[in-house]
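Colleague: I am attaching a structure below and will ask some questions about it afterwards.
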Amino acid sequence: VVRNTDAPYARASVDFLAIVGDPEDDSDDEVFVVEIKTRATTDTEDLERRHQRKADWEHGTEGKSHVFVHLQDDKWRALFEKKSEMIQLLHHAFVFGVTGAMIVIGDATANTIRSISTQFKPDLLQ
8 VVRNTDAPYA
18 RASVDFLAIV
28 GDPEDDSDDE
38 VFVVEIKTRA
48 TTDTEDLERR
58 HQRKADWEHG
68 TEGKSHVFVH
78 LQDDKWRALF
88 EKKSEMIQLL
98 HHAFVFGVTG
108 AMIVIGDATA
118 NTIRSISTQF
128 KPDLLQ
């Protein structure tokens, strides 16, 4: 469990931390918090895949398994089948003091259904 030093009441644990950037130039490297979710039953997997198809159709993500969005994009909320997971990413970013967060959603056999990388505005996390 990690605690935000500026807000000691805010605590969180994430599944992974990832460094994202150009391997040739580390000056722009950025830390992302990563949350892994599993849709372990046929029903939850089917629900996630239906939601993904709907979001693809409505927001033009064209069936991509990985989507990169900014928080202010209209499609950000629509990409999440479970709004609690959307809020969890925002909470993790606040606690860890980073602007990047990713969720990876998989099925019971560890195949990725979708991953969503989100870039938050720094002033939102203050």
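For the sequence shown, the positions run 8 to 133 when the working numbering is used. A virtual CB, placed ideally from N, CA and C, is assigned to each residue, including glycine. Since we're looking at a predicted model, the values are computed, not measured.
To test your reading of the DSSP string, which unbroken beta strand (DSSP E) runs of 3 or more residues are found completely within the segment 11-57?
Modeller: Here the runs fully enclosed are 14-19, 23-29 and 32-46.
Colleague: For the beta strand (DSSP E) that contains A85, what are its first and last residues?
Modeller: Position 78 of the sequence shown, counted from the first residue, corresponds to residue 85. It is not in any beta strand (DSSP E) - A85 instead sits in the alpha helix (DSSP H) that spans K82 to A85.
Colleague: Please go through the same chain and pick out, in chain order, the residues whose beta-carbon is closer than 7 Å to the beta-carbon of H99, but skip the five residues on each side of it.
Modeller: Along the sequence shown, one-based indexing puts residue 99 at 92. So the qualifying residues of the chain are A19, V21, V40, E42 and A108.
Colleague: Can you find the residues in the same chain that come closer than 6 Å, C-beta to C-beta, to E88, ignoring five residues on each side of it along the sequence?
Modeller: Here residue 88 refers to the residue found at position 81 when the sequence shown is read from its first residue. If we look at E88 and ignore the five residues flanking it on each side, its Cβ neighbours are E55 and H58.
Colleague: Is the beta carbon of F75 closer than 9 Å to that of L24?
Modeller: Numbered from 1 along the sequence shown, position 17 holds the residue referred to as residue 24. Numbered from 1 along the sequence shown, position 68 holds the residue referred to as residue 75. No, the Cβ-Cβ distance between L24 and F75 is not below 9 Å.
Colleague: Looking at the structure shown, is A62 part of a helix, part of a strand, or coil, going by DSSP?
Modeller: Working through the sequence shown from its first residue, we reach residue 62 at position 55. Helix, per DSSP.
Colleague: In terms of DSSP beta bridges, what is G113 paired with?
Modeller: One-based indexing of the sequence shown puts residue 113 at position 106. T45 and T119.
Colleague: So if DSSP puts H99 in a beta bridge, which residue, or which two residues, is it bridged to?
Modeller: For the purposes of this step, residue 99 is taken as the residue at position 92 of the sequence shown. Answer is none; H99 lacks a bridge partner.
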